[in-house]
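Right, one structure below, let's go through it.
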Amino acid sequence: MSESTTIIVDAILFDMDGTLIDSTGGVVGAWETFSKTYPFIDIPKILNTSHGVRTVDNLRNHCRIQDPHVLQEESIRFETEIINSSRSNGAEGIVVLPGVRQIMDDLRSSAKGTHDSPCWAICTSATRAYASQALEIAGISVPAVFITADDVEKGKPYPDPYLLGAFKCGKNPQRCLVIEDAPVGVTSSRAAGCKTLALTTTHSRDVIEASGPDFIVQDLGSVSVKVCTGGIAVTIALV
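Quick note: the sequence shown uses my numbering, first residue 31, plus one each step.
The structure is reproduced here in structure tokens:
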């Protein structure tokens, strides 16, 4: 038997990959392509540890790239590989995860005329170029507040992405809810002082639970939102 809880927050800060969209097929394809250039990489290990981390950091850690110029070029090549793989694979490429469209529709429709400042944002470890294209493929509009790897000096697990997201929304981080699927993202959220709702779309419950989120659900199909004068009412169906 499940029960639900409702919390009131001033803004919701969404992660992107694994939270709003699933780009696993494209990411696997990109790493397989990169293994031709960097044959020493361990793809299964990378896939277990790289989620939620900026592309530049993953390439630095796993491909041992240190030259900033090469790192930038290879980051662009890697994310281009994801997009190309996703466009060619259609339904097996970038797809929208359960519950996302309903939440996006509810936030946009109910927020009209209710708030002077944005009440939600996307804070992703991807670059702006890649994230914009990924959202376009998925049919999700880019929000007014869109924080990417290009906007912060330190990415997740540091708090910078979510602190900047809260700031751009004009909200106190302690009054924001972060929705994440990766342990590094949960760590980033907690370091920023936000409440955290974790999804088990990418990692097992025990792995995500170890990072210390406030709530855990399978996906956004277990969550509903309603914008009101006091903020955003977020109802979470707990299992």
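The C-beta atom is built at its ideal place from N, Cα and C for all residues, glycine as well.
If distances are taken between C-alpha atoms only, which option among the options comes closest to residue i?
i	options	result
isoleucine 262	Val216, Tyr68 and Ser139	Ser139
arginine 235	Phe176, Gln248 and Thr79	Gln248
methionine 134	Leu101, Ile170, His99 and Ile113	Ile170
valine 237	Trp61, Thr110, Gly215 and Lys184	Gly215
aspartate 45	Phe176, Arg94 and Val100	Phe176
proline 243	Gly260, Thr259 and Ile209	Ile209
valine 130	Glu239, Thr231, Ala240 and Gly260	Thr231
threonine 54	His99, Lys184, Pro69 and Pro74	Pro74
I'd like to check one pair, residue j with residue i: are the Cβ atoms closer than 9 Å?
i	j	result
alanine 161	lysine 186	no
isoleucine 42	leucine 207	yes
valine 253	isoleucine 266	yes
leucine 127	glycine 48	yes
leucine 137	cysteine 149	yes
asparagine 202	aspartate 40	yes
isoleucine 167	isoleucine 124	yes
glycine 51	leucine 229	Rather than glycine, the amino acid found at residue 51 in this sequence is isoleucine. The answer is no: Cβ separation not under 9 Å.
alanine 151	alanine 174	yes
threonine 63	glutamate 109	no
histidine 92	isoleucine 71	yes
Going by DSSP, which residues form a beta bridge with residue i?
i	result
tryptophan 61	Tryptophan 61 pairs with nothing; no bridge assigned.
glycine 261	Cys258
glutamate 210	Ala228
threonine 35	Ile266
Please go through the same chain and pick out, in chain order, the residues whose beta-carbon is closer than 6 Å to the beta-carbon of residue i, but skip the five residues on each side of it.
i	result
serine 115	Gly56 and Gly59
isoleucine 37	Val264
arginine 158	Thr178 and Asp180
phenylalanine 245	Leu227 and Ile266
alanine 221	Pro189
lysine 225	Leu207 and Asp244
So, for residue i: in the same chain, excluding its five sequence neighbours on each side, which residues have a beta-carbon less than 8 Å away from its beta-carbon?
i	result
histidine 18	Because residue 18 is not part of the residues shown, which for the chain are 31 to 269, the question remains open.
threonine 35	Phe245, Thr265, Ile266 and Leu268
serine 65	Ile71 and Ile73
Report all residues from its chain with a CB closer than 7 Å to the CB of residue i; omit the five preceding and five following residues, and keep chain order.
i	result
serine 218	Lys186, Pro187, Tyr188, Pro189, Pro191 and Tyr192
isoleucine 95	Leu89, Leu101 and Glu104
glycine 200	Ser147
For chain B, find out if any of its Cβ atoms is closer than 9 Å to the Cβ of residue i; answer yes or no.
i	result
aspartate 180	Looking for chain B here will not work: only one protein chain is present.
Curious, which full-length alpha helix (DSSP H) runs of at least 4 residues does the region 65-132 contain?
Complete alpha helix (DSSP H) runs here, min 4: 73-79, 85-92 and 98-119.
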